[in-house]
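Numbering (full-length UniProt numbering), first residue to last: 1 to 105.
Here it is in structure tokens:
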């Protein structure tokens, strides 16, 4: 299935999913949602998305783990990701380092 103009929002908080989905749809974006990292991986490997908006803090598989897994697949490694986070953690710093490494390669 090709959803090249679709955005995937990933968040375990249903209120956040609903609010962001409605906001983007009001701007005429097509939106799909996932409420877990595992569900996001399944959808991302099955469909083509123009963008993934990914919550950092989720149970079981956090946003960084999802992004790292997506980067390992040729189908998803080029899909842009916007991270959502309410907390600045040590993992955020390691993500910054990882992104800097990609820029210099």
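Note that the Cβ used here is the ideal one computed from N, Cα and C, for glycine as well.
Boundaries (first-last residue) of the beta strand (DSSP E) holding residue i
| i | result |
| --- | --- |
| residue 33 | 30-34 |
Closest by C-alpha distance to residue i, when choosing among the options
| i | options | result |
| --- | --- | --- |
| residue 8 | 76, 86, 85 | 76 |
| residue 37 | 74, 53, 6, 18 | 53 |
Residues that residue i bridges to, as DSSP identifies them
| i | result |
| --- | --- |
| residue 62 | Answer is none; residue 62 lacks a bridge partner. |
| residue 51 | 7 |
| residue 45 | None; residue 45 has no bridge partner. |
| residue 84 | 55 |
Residue i - DSSP class collapsed to helix/strand/coil
| i | result |
| --- | --- |
| residue 76 | coil |
Assigned exposure category for residue i - 16 Cβ within 10 Å defines buried
| i | result |
| --- | --- |
| residue 19 | exposed |
| residue 70 | buried |
| residue 72 | exposed |
| residue 11 | buried |
Range of the contiguous alpha helix (DSSP H) that encloses residue i
| i | result |
| --- | --- |
| residue 16 | 14-26 |
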